[in-house]
Each structure stands twice: as structure tokens, then as C-alpha cells.
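To keep things clear, I will list the structure first and then write my remarks on it.
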Amino acid sequence: MELGIALPTSGPLAGPANIARVAQEVERLGYDSVWTYERLLRPTAPVSMGGGEPQPVPEVYRLTYEPLETLSYVAALTHRVKLGTSIIDALLHPAAVLAKRFATLDQFSGGRVIAGLGQGWMPQEFAAAGVPMSRIGPGMDEVVAAMRACWGPDPVSYDGTFTHIAESEINPKPVQARVPILLGAMTPGGVRRAARIADGLNPVAMSRDMLLGLTTAFRSAVAEFGRDPASVTVVARANVPFTAKALGGERPFLGGSPRQIADDLAGLEGTGVDHVLFASTGGDELGIDEELALYAELIDLVRR
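Heads up, our numbering is the position in the sequence shown plus 7, with the first residue counted as 1.
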């Protein structure tokens, strides 16, 4: 199983120096990937999240570094780790522009890009981007198809409902023959969309049972659509605390001490989950040195 670390692009540890340090150190430790995510803005007014009552948007979103610019910076500082987005809200961007940015990053990194995409959910972000929320759903199919067209042979063209690309040359092309596209999805419809048009699924690991249920549903849908289940991947995102001491009580799945996390990872072997990326939620309000020490302990336990 591959393991990745979300870079400190938001929250109290966010900043260029810490982003660079974490990227270089986790590569040295033997992790497989580093990740960023997108948050365009943090509204000051309460927002309904997931259909619930409006509530303040989490403080962590006050400062969020742009994902692809950050990964371009990291590409110059690393040599091996994959560079992933988990996720970029694809509907907020013109497909041709987003495709060219990913292709440029793939060139600068020597073919290390993983394009994790989502639809977005915050009305204020759609409004700021000038995109109607009605585009959620069919618009996502078009973005993926248009990006694939841009990465393919010239001349490129695409004529959809929302996206129109006149026959053109669009370069550079990615280094990779097929840039892997993951879709961040947790709903049955989103999982089926990922099975139909993407190279992988990027769910949040809320619990072991939920993660395995989503993984099974995804791989079954891939086969149903006539695709090879072995050709796709499941990259689970674990938004969890890393702690020096073991957690008791209702410990979050894949969270806690390095030993507890390593045991959870061992229980995922052979389940169809291929890759776990850890987005530390702070745990004991750790500093950068303490957090890196826990990453080192975890990778040592897993790889020994």
C-alpha cells in the first residue's frame, strides 16, 4: 500500500518554509506522495455544509495556498514523490486552462502528477468563479472529457454543453501517457461517475466500514461499465489527528499514535484500498518537528 502526506497548505503550520520542509522530509522518509487541496475563499457568514444548518466555516480555511502553484514549487524541491491534488474544484475552472496547468506541472515534475478533482459544494465559491451550481453533475463529465482531449494529440477540439474548444494546438502535453484522474466522491452517484469516467476514487475515510463499502461499490461499478477493476485505484483521504500517545475512547479510524495507525493500515491490506493520504488535523497541537517525527515513526512501523 502506498502512503502520502498532505502538505501544510492551510492551518497554523501553513507557509512556504514548512511546505518545503515537509515535502522534502517525507520524500526522504520514503512516503510515496504529497498532496494539496483547493479552498478559494472562507465566507464570514455561516454556510450550510452537507445540507445541515448553516454554521461558521472552519477556521482552517482562513489561509489556504493555491494547490497547483504550491505543487510547482514542491516539484522543484523533490525528485520522486507523486504530486497530487485532493481535491481541486474542477467546475470553478475552464477545462482547457485547468488541463494546461496540470500538463505544465507534469512537465516540470517529470511525470509525477495525480489530478484529484471534485465538483465543489460552497455557493459563495461558485458565485465568485462566475459558475452556476446547476453545472454540478453533467458539467463534471464535460470537464474530465475536455481535459482528456487537451492532453491528447493535436489538433484538439471539444464541443459540449458548457465547454467549447475550437480546433487548436494545446501544448505542452503531459509527460505521462495518461495523467491519472481521481474523483473525490462519497455518494452513490459520485462513486458511479468515478467508475465510469475516472482512473480512481478519492473518498474520505470516515470509518473502516464506510471506506470498504465505497471501495467495493466503486470496483463493482467499474466492472459493470466494462472496465478492468485492476486498472483503477482507490486513494483514501484520512483527515485525522497524529498523536504521540495512543488515543482511547472513540478513536477516529486511521488516527491516533503511529502504532494505532499502522495497525489500521495493516487491516486494509487486500481490501482494494491502494493508497492512503494523511491530512493531519493537528492532534496534540503539534509543531512541525513533532509532526515530522510521528511521520517518521509511522513509516518505520509500516515498512519494517
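Note that the Cβ used here is the ideal one computed from N, Cα and C, for glycine as well. Source: prediction; values computed, not measured.
Quick one: is residue i buried, meaning 16 or more other Cβ sit within 10 Å of its Cβ, or exposed?
i	result
Glu34	buried
Pro145	exposed
Arg311	exposed
Lys252	exposed
His86	exposed
Gln267	buried
Gln62	exposed
Pro74	buried
Ala173	exposed
Gly294	exposed
Glu132	buried
In terms of alpha-carbon separation, which member of the options lies closest to residue i?
i	options	result
Phe249	Ser264, Val241, Asp235	Ser264
Gly91	Glu304, Leu308, Ala303, Arg244	Arg244
Gly59	Glu9, Ser116, Trp128	Trp128
Tyr72	Pro23, Pro259, Ala269, Thr170	Pro23
Val241	Leu308, Ile94, Leu190	Leu190
Gln183	Gly117, Phe133, Tyr165, Glu304	Gly117
Ala318	Met56, Ala212, Ala52, Arg234	Outside the modelled stretch of the chain, which goes from 8 to 311, sits residue 318, for which no answer is possible.
Gly123	Phe133, Met147, Leu308	Met147
Asp161	Met154, Ser175, Ala153	Ser175
Taking just the CA atoms, how far does residue j sit from residue i?
i	j	result
Glu32	Leu299	8 Å
Val120	Gly196	26 Å
Leu284	Arg185	21 Å
Ala135	Phe232	36 Å
Pro210	Gly256	24 Å
Ile12	Tyr38	8 Å
Val64	Arg49	7 Å
Val151	Val239	16 Å
Met193	Glu9	21 Å
Ala230	Ile94	25 Å
Gly220	Leu275	12 Å
Ala286	Val41	10 Å
Tyr165	Thr278	38 Å
Ala269	Met213	17 Å
Pro53	Ile143	22 Å
With a CB to CB cut of under 6 Å and the five nearest residues on each side skipped, what residues in its chain are close to residue i?
i	result
Cys157	Ala103, Ala106, Val163, Ile177
Pro181	Ala110, Asp113, Trp158
Ala228	Arg199, Ala202
Glu149	Gly167, Phe169, Thr170
Arg215	Phe260
Ala224	Val198
Given residue i, which residues of its chain have a CB within under 7 Å of its CB, disregarding the five upstream and five downstream residues?
i	result
Pro130	Met140
Tyr302	Ile12, Val33, Leu36
Ser79	Leu112, Phe115
Within the same chain, show all residues whose beta-carbon is closer than 8 Å to that of residue i, passing over the 5 residues directly before and after it, in chain order.
i	result
Thr77	Leu14, Thr16, Ile26, Thr43
Q | Inter-stretch contact at 8 Å, needing at least 3 Cβ pairs: the stretch 105-113 / the stretch 17-36 | A | no
**Q.** Contact between the stretch 37-55 and the stretch 82-101 (3+ Cβ pairs under 8 Å)
**A.** yes
Q.
Contact between the stretch 15-24 and the stretch 56-75 is defined here as three or more beta-carbon pairs at a separation below 8 Å; is this criterion met?
A. yes
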